[in-house]
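Mind the numbering: the sequence shown is residues 462 to 946 in the working numbering, read in order. In this text, a Cβ means the ideal position worked out from N, Cα and C, and glycines have one as well. On a predicted model such as this, the values are computed, not experimentally measured, just so you know.
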Amino acid sequence: MSTKLQITQQETEDRQLRLIITVPEDRVEKALRAEVRRLGKRINVPGFRPGKAPFHIVMQRYGRDTFLEGIIDDLGQEVLAEALIETGIEPFARPVLEEVESTPLTYHITIPLEPEVDPGDYRQLRISVNDVDEEEVQAKVQEELVTLQNENKTWQPVERPIEYGDLVTMAIKITVNDEVVLENDDWDFIPDENDYTLAPDFDATFIGMQIGESKTFSTDIPEDANSPWAGDTATFEVEIKGIKTMVAPELNDEFVQDVSQFETLAELEAAITEMVREELEDAAEHQHSHRVMDALREQATLSYPPVLLDNQIDMLERQREDYYKTLGIENTETLLRLLNKTPEAYREELTEPAREELESELLLDAIAEREQFEISDYELHQFLADALLPDTEKLEELSAELDNNPDYRAYLETLVKRQRARTLLLAIAKGEDVPAPGEHPVLSAPEPEETNDKNEEDAASNAEAETSSQLETEEQASPEASDNN
462 MSTKLQITQQ ETEDRQLRLI ITVPEDRVEK ALRAEVRRLG KRINVPGFRP
512 GKAPFHIVMQ RYGRDTFLEG IIDDLGQEVL AEALIETGIE PFARPVLEEV
562 ESTPLTYHIT IPLEPEVDPG DYRQLRISVN DVDEEEVQAK VQEELVTLQN
612 ENKTWQPVER PIEYGDLVTM AIKITVNDEV VLENDDWDFI PDENDYTLAP
662 DFDATFIGMQ IGESKTFSTD IPEDANSPWA GDTATFEVEI KGIKTMVAPE
712 LNDEFVQDVS QFETLAELEA AITEMVREEL EDAAEHQHSH RVMDALREQA
762 TLSYPPVLLD NQIDMLERQR EDYYKTLGIE NTETLLRLLN KTPEAYREEL
812 TEPAREELES ELLLDAIAER EQFEISDYEL HQFLADALLP DTEKLEELSA
862 ELDNNPDYRA YLETLVKRQR ARTLLLAIAK GEDVPAPGEH PVLSAPEPEE
912 TNDKNEEDAA SNAEAETSSQ LETEEQASPE ASDNN
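Set out below in structure tokens:
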């Protein structure tokens, strides 16, 4: 009987390999015998002492499948390792057991393979950054100025009929069921067209009234109103005593001095213009980066196992969960209840952004490899410093991890190479001159400025000379020196 594994390979289009491994029956029997011995006295067969029944009788009584379950996992690990050595296959990620057939014992295993990534001729990509529209700049500047005015509005008296949104001061008397429930000579309220105060028609009653005008009217308070008189009919006696409206301050130098550190309106406008232009330039750069990466993905050829996308979706879900925790949402389960979404619908929603991020990372890794970037210790430590400052305690912790953990170092190198690849790609797209592959400079710590040791020594010598000279002068000028002379 053959003891050699029967191995069939079926490669799929999504960079996976299906291995069908059939285990020879004599090897299965050997494993079953070991399992029966392991179970020992727990196996009872009439006529035999516990654990002493012959193997074939145990099989007849309990059946082969009873013990097969106990050997499937361990034997599967053994035969998979042997099959990988025999075929020379190197899994890119953990193999997945899809199915097990019992007779003959056959394992169906899916093995993720390394992605195939071709970024194409990325050095020919040309996509310019959109210019900032000066009309948009000026429009946004005016918006900022108007917002600043609106934030500093004040109530000012007006001599006109009441309008929605005015601050109305009145004398008011409210009677419910022949009982005066409120009487106030200085009652303020703001009539609102959409959010009534006491009843739907209450606010509307005041529109058009003027200072000094009086009115008596009745209205039904809705039963669902947040009022002690809900469901009752109220009679109102009112006299308008004042009307105010929100007025924005005049935009001038005096106003600017009151609300900012600037002295003139022109200075404030110049500062806002610079801020707005920088924001629009940043937005244009951000949009340019997206357009370049979209163009790169369109021209590229990628094939990768589905497990990579699943992992990317998992990571994106964790990132969003961390973000929502800052908003007081405990976990993704809570979020899905609030959004009324199923986990499946939520993962589907994350699939496309996760795919874009995954494919961008794969392409940037491929570009970094083609460009032969070399990453120095200085660049890795600088990357950490830029990311973590001012958290110096965390920076020290991860700097030590970088120096002592090869896996963490490799992870950071990947991040830095991706960053450099993206920077290079954007420069290429803009038509800038960039180094040829393999000729990129290795970033190193800047040369320390010439130490001041020599200068300090010179200064010390000069100071010493000056001190000696001064002492000599003082000695010559002293009375003792004169007496000695």
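Item                                                                                                                                                                   : Value
Should Lys465 be listed as close to the ligand PLP, given that the test is whether its C-beta is under 8 Å from any heavy atom?                                        : Looking at this structure, you won't find the ligand PLP or any other ligand, since it has none at all.
Out of Glu674, Asp719, Leu886 and Asp771, which one is the CA nearest neighbour of Arg758?                                                                             : Leu886
Pick helix, strand or coil for Tyr625, following the three-state DSSP scheme.                                                                                          : coil
Ignoring anything shorter than 3 residues, give me the beta strand (DSSP E) runs that lie fully in the region 824-851, in order along the chain.                       : none
So what does DSSP say about Asp771, is it helix, strand or coil?                                                                                                       : helix
Look at the Cβ atom of Pro622, then the Cβ atom of Ile682, and state whether they are nearer than 9 Å.                                                                 : no
Nearest CA to the CA of Val598: which residue from Ser837, Lys855, Val737 and Val768?                                                                                  : Val737
Answer with buried or exposed for Ser821, where buried requires no fewer than 16 other C-beta atoms within 10 angstroms of its C-beta.                                 : buried
Under 8 Å, with one C-beta from each stretch per pair, do the region 780-787 and the region 559-571 reach the 3-pair mark?                                             : no
By how many angstroms is the C-alpha of Thr762 removed from the C-alpha of Leu586?                                                                                     : 15 Å
Which residue or residues does DSSP assign as beta-bridge partners of Trp648?                                                                                          : Met631
To which residues of the same chain is Glu514 closer than 6 Å at the C-beta, ignoring the five residues directly before and after it?                                  : The question names Glu, but residue 514 in the sequence shown is Ala. These residues qualify, in order along the chain: Val506.
With burial defined as no fewer than 16 other Cβ atoms inside 10 Å of the residue's Cβ, what is the status of Thr556: buried or exposed?                               : A small correction: the amino acid at residue 556 is Pro; Thr does not occupy that position in the sequence shown. Pro556 should be labelled buried.
Candidates Asp535, Gly512, Val619 and Arg522: which alpha carbon is nearest Met707's?                                                                                  : Val619
Check for me: the beta strand (DSSP E) holding Gly703 runs from which residue to which?                                                                                : Thr694 to Val708
Could you tell me if Tyr839 is buried or exposed, where buried requires 16 or more neighbouring beta carbons within 10 angstroms of its beta carbon?                   : exposed
Does DSSP put Ile546 in a helix, a strand or coil?                                                                                                                     : helix
Is the region 796-809 in contact with the region 737-746, if contact means three or more CB pairs nearer than 8 Å?                                                     : no
With Pro618 as the anchor, note down where its beta strand (DSSP E) starts and where it stops.                                                                         : Thr615 to Pro618
Measuring only the C-alpha atoms, how far is Gln610 from Glu813?                                                                                                       : 43 Å
Taking only runs that begin and end inside the region 562-616, name each unbroken alpha helix (DSSP H) of 4 or more residues, in chain order.                          : 595-612
How should Ile482 be labelled, buried or exposed, when 16 other C-beta atoms within 10 angstroms of its C-beta is the threshold for buried?                            : buried
Looking at Tyr625: is its Cβ nearer than 9 Å to the Cβ of Ile889?                                                                                                      : no
Just to confirm my understanding: we take Ala906, look at its own chain, exclude 5 residues before and 5 after, and list those with CB closer than 8 Å. What are they? : Tyr839
Can you tell me which of the three DSSP states Pro535 falls into?                                                                                                      : The residue asked about is misnamed: residue 535 is Asp in this sequence, not Pro. DSSP places Asp535 in helix when its eight states are reduced to three.
Are there three or more Cβ pairs, one per stretch, closer than 8 Å when the region 673-682 is compared with the region 690-701?                                        : yes
Using 10 angstroms around the beta-carbon of Glu832, count the other beta-carbons present and answer buried if the total reaches 16, otherwise exposed.                : buried
Cβ of Arg879 within 9 Å of Cβ of Leu845?                                                                                                                               : no
Please confirm whether Leu493 and Arg525 have their CB atoms less than 9 Å apart.                                                                                      : yes
Please report how far the alpha carbon of Ala924 lies from the alpha carbon of Glu908, in whole angstroms.                                                             : Since pLDDT at Ala924 reaches only 49, below the 50 mark, its modelled position is unreliable, and the value read off the structure follows with that caveat. Ala924 and Glu908: Cα-Cα distance of roughly 30 Å.
For Asp714, which of Ile704, Gly703, Lys702 and Leu729 has the nearest alpha-carbon?                                                                                   : Leu729
Suppose you measure from the CA of Gly549 to the CA of Arg870; what does that come to, to the nearest Å?                                                               : 28 Å
By the three-class DSSP mapping on this structure, what secondary structure does Arg476 have?                                                                          : coil
Return helix, strand or coil for Thr793, following the three-state DSSP convention.                                                                                    : helix
So for Phe723, helix, strand or coil by DSSP?                                                                                                                          : coil
What does the alpha-carbon distance come out to for the pair Gly531 and Glu496?                                                                                        : 7 Å
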